[in-house]
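Under our numbering, think of the first position of the sequence shown as 8, with each following residue one higher. Using N, Cα and C, we set each Cβ at its ideal position, and we do this for glycine too. Since the structure comes first, as C-alpha cells, the remarks are kept for the end.
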Amino acid sequence: MDKIAIKLNSDLTKSEIIQLLALDDFTPVYEAADRVRAASVGDTVHLRAIIEFSNICKRQCIYCGLNRDNEDLPRFRMSHEEIVATAREAVAAGYRTIVLQSGEDPWFTPEKLGAIIEDIKAIKITDIGTNEFVHPAVTISCGEMSEEDYAYLKSKGADRYLLKHETADPEAYSRLHPCGTLENRTNCLKTIHKLGYETGSGFMIGLPGQTLETIAEDLMLLRDIPCQMAGIGPFISNPKTALAGEKNGDPELTRRAVALARLLLPKANLPVTTALSIMTEEEHEQNPFAFGANVVMKKVTPDQYKEAYEIYPADFKPTDIAGDRKELEEIIKSYGRMPL
Ligand code: SAM
C-alpha cells in the first residue's frame with residue numbers, strides 16, 4: 008500500500024489531488040471520504056426523481072445523443088400536464104425532490120417553465136415528523152440561460168440548479184462544445200450561486216484527451232464556485248455522435264473523483280450517477296455508497312419518452328415509479344443507509 012503523506016482534507020492542492028488520483032491503492036482515500044461523508048451528511052441517501060421532459064436541444068455538444076445534429080433521434084416534448092402528473096406520482100411514491108431536465112429547448116420559455124415549477128411546488132407532502140404540509144424541492148437542469156431567466160425561475164420557486172461544467176480544460180471545452188465556452192458555463196454557475204440556488208455542477212471522466220491534471224482542475228472548480236451538489240460520471244460513448252467508438256470512462260477513476268469531491272466539499276450532495284449505475288456487473292457487487300456519495304437520481308420519465316432521452320446507450324427498463332422507489336429503498340437499506 009502507498010504511504011500517504013498528504014493530509015486528506017478540503018484544502019488539497021492541485022498537485023496533491025493529482026498524486027492521490029494516481030495512487031496504486033486508493034483504499035485510504037476511500038476510507039477518509041466515507042468518514043467525511045458520515046460526519047458531514049450522515050447515513051441518509053436522498054432519492055431524487057428526474058423527469059426528462061424534452062430531448063430537443065439547440066446545442067451541439069459532440070459527446071451527447073441529444074445534440075441537434077443527431078437526426079436519428081425521435082424528438083419529444085412532454086406537455087405541462089404530463090410533467091406535473093408525473094411529478095405528482097413521484098411525490099405520492101415518496102420523492103421529495105423533483106429534477107426537471109431537458110435539452111436546451113427554446114420552446115420551453117421561462118414563463119412555461121415557471122408555470123410548471125409553480126404547479127409542482129404546490130403539491131403537498133405530509134411531513135412524517137411534524138404532520139405538517141411541506142412542498143417538494145424542485146431542481147432545474149435545462150442548460151445555460153441569462154441571469155434574468157435564472158432569477159425568474161427562482162422567483163417561481165425553483166430551489167436548485169444543476170449545470171455541469173463538463174470539463175475544466177478550456178481548450179477541450181471548446182473542442183467538445185462548438186456552441187459555447189467554459190467561461191460562459193462557469194459564469195452561469197457563479198450567477199446561479201449568487202441568486203441563492205443550491206448550485207450543482209459536475210463533469211465527465213474519460214473524455215478524450217483528459218488527464219489527471221484536468222480532473223484535478225475539475226475538482227478544484229467545484230470547490231471554487233463553490234458547489235453544493237456535484238454530479239461526476241463516466242463518459243459513455245454514443246454511437247450516434249462524433250465520439251462513436253471512443254473508450255468509455257473508467258469506473259475506478261470515476262469513484263476516485265467522487266471520493267475526492269467528498270473531501271473537497273464535505274457537505275455537498277453527491278449523486279451515484281446514472282451512468283455509473285449502468286456500468287459493469289462488478290460495479291453492482293461493490294457498495295456504491297462507500298466512496299462518499301449520498302444521493303441517487305432515479306428516472307421517472309414516462310415509458311413513451313424514456314428511450315428517446317438517449318444521452319448515451321442504456322438499457323431502459325419500464326418505469327414503475329412506486330415499485331422502482333420501493334426496490335431502491337430496499338437496496339439502500341441493505342447497505343446500512345437510510346433512504347429519504
Ligand atoms: N441541457 C442540460 C445541460 O446542458 O446541463 C441538461 C441535459 S444534458 C443531456 C445532461 C448531462 O448529460 C450533461 O451535463 C452531460 O454531463 C451528460 N452527458 C451527455 N452525454 C453524455 C455521455 N455521452 N456520457 C456521459 N454523460 C453524458
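Helix, strand or coil for residue i, going by three-state DSSP, please let me know.
i    : result
I24  : helix
H184 : coil
M236 : strand
I13  : coil
P346 : strand
M227 : helix
E173 : strand
T34  : helix
A144 : strand
S61  : strand
S162 : helix
M286 : Model confidence at M286 stands at a pLDDT of 41, short of 50, so the residue's coordinates are unreliable; what they give is reported in the following sentence. Here M286 sits in coil by DSSP.
M8   : Reliability of the predicted coordinates at M8 is poor, the pLDDT of 49 falling under 50, and the value obtained from them is presented with this limitation in mind. DSSP places M8 in coil when its eight states are reduced to three.
P258 : helix
P241 : strand
P117 : helix
V133 : The residue asked about is misnamed: residue 133 is Thr in this sequence, not Val. Three-state DSSP puts T133 in a strand.
I212 : strand
R44  : helix
E253 : coil
A315 : coil
R66  : coil
C71  : coil
D156 : helix
D327 : coil
L19  : coil
R103 : coil
R332 : helix
T198 : helix
V98  : helix
L189 : helix
Beta carbon of residue i: closer than 6 Å to some heavy atom of the ligand SAM?
i    : result
L229 : no
Q67  : no
L170 : yes
L73  : yes
I318 : yes
E111 : yes
F242 : yes
S153 : no
Y70  : yes
M85  : no
Q108 : yes
S181 : no
G2   : The question about residue 2 has no answer, for the chain in this structure spans 8 to 347.
M211 : yes
N1   : Any question about residue 1 goes unanswered here, given that the chain covers just 8 to 347.
If contacts are defined as beta-carbon pairs under 8 Å, then residue i and residue j qualify, I think. What distance do you get, rounded to the angstrom?
i    : j    : result
N62  : G121 : Wrong, their Cβ atoms sit about 21 Å apart, outside the cutoff.
E336 : P346 : 4 Å
E224 : A275 : The pair is not a contact, with the Cβ atoms about 18 Å apart (cut-off 8 Å).
A39  : A329 : Wrong, their Cβ atoms sit about 37 Å apart, outside the cutoff.
I124 : A179 : That belief does not hold up - the Cβ atoms of I124 and A179 are roughly 33 Å apart, past 8 Å.
L19  : L271 : 6 Å
P241 : D257 : 7 Å
I243 : V265 : Contact doesn't hold; Cβ gap of about 16 Å is too wide.
T206 : I232 : 6 Å
Have a look at the DSSP bridge pairing and note the partners of residue i.
i    : result
T206 : Y168
V265 : DSSP output for V265 lists no bridge partner at all.
V302 : H53, P278
Q108 : E59, S148
R84  : S61
Of all the options the options, which has the alpha carbon lying nearest to the alpha carbon of residue i?
i    : options                : result
K119 : C149, L272, L226       : C149
P215 : A249, E224, L15, F323  : A249
Q311 : I90, E253, A46         : I90
K197 : V302, S162, S181, C234 : C234
A46  : D322, A300, I318, P309 : A300
P295 : F323, A315, S341, P309 : S341
V303 : H200, R103, A129, E155 : R103
D112 : D134, I105, I132, E59  : E59
F33  : L80, R263, N191, L277  : R263
L107 : D50, K305, M227, R82   : K305
E154 : H142, Y168, K254, V141 : Y168
M85  : I318, K313, E253, E205 : K313
N74  : I11, T133, P185        : P185
T51  : P278, D327, D331, Q293 : P278
I127 : A94, I24, E23          : A94
L226 : I199, A251, L267       : L267
T146 : Y157, R182, N138, T137 : Y157
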